[in-house]
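Colleague: Those letters in the sequence shown? Residues 27 to 136, by our numbering.
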Amino acid sequence: MGTRAGDLDPAIVGVLARAERVGVDEVERWLNDDSGLKGLSGGVRDMRDLLAREREDPRARLAVDVFCYRARKYVGAYLAALGGAHAVVFTGGIGEHAPEVRTRICAGMD
Numbered sequence: 027m028g029t030r031a032g033d034l035d036p037a038i039v040g041v042l043a044r045a046e047r048v049g050v051d052e053v054e055r056w057l058n059d060d061s062g063l064k065g066l067s068g069g070v071r072d073m074r075d076l077l078a079r080e081r082e083d084p085r086a087r088l089a090v091d092v093f094c095y096r097a098r099k100y101v102g103a104y105l106a107a108l109g110g111a112h113a114v115v116f117t118g119g120i121g122e123h124a125p126e127v128r129t130r131i132c133a134g135m136d
């Protein structure tokens, strides 16, 4: 997601709160509002902007690469659980308007 942390061990909330000496509410804010694409890129959560910046901005490139890797991992897991599929459908803004991202996610999934 643009701002959320994704899969995490639930113990991370307490670990971060203690390590950073902040309340649980602050850690939840970090994980819900300042993670994902935004956290990896240093503040940008819009995939269009990240794609435009990735050649010269290593953090933008990292955010796009991690996003594609994680999406690819989930697609692969679902394909394995389903025993294959006839098609994979991408929806939402990225699914509809980011063919480069779809290509990266599906690369090698012949």
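The beta-carbon is built from N, C-alpha and C at its ideal position, and this holds for glycine as well.
So Ile131 packs on Val101, CB below 8 Å; how close in whole Å?
Modeller: Right, their Cβ atoms sit about 6 Å apart.
Colleague: When the distance is taken between beta carbons, is Thr117 closer than 8 Å to Lys64?
Modeller: Their beta carbons are not under 8 Å apart, which means Lys64 does not touch Thr117 by this criterion.
Colleague: Measure the C-alpha to C-alpha separation of Asp91 and Leu77 and round it to an integer number of angstroms.
Modeller: Distance between the alpha carbons of Asp91 and Leu77: 10 Å.
Colleague: If you draw a straight line from the alpha carbon of Ser67 to that of Arg87, how long is it in whole angstroms?
Modeller: Looking at the two C-alpha atoms, the distance is approximately 8 Å.
Colleague: When you compare only the Cα positions, how much space is there between Met73 and Val127?
Modeller: Approximately 9 Å, taken between the alpha carbons.
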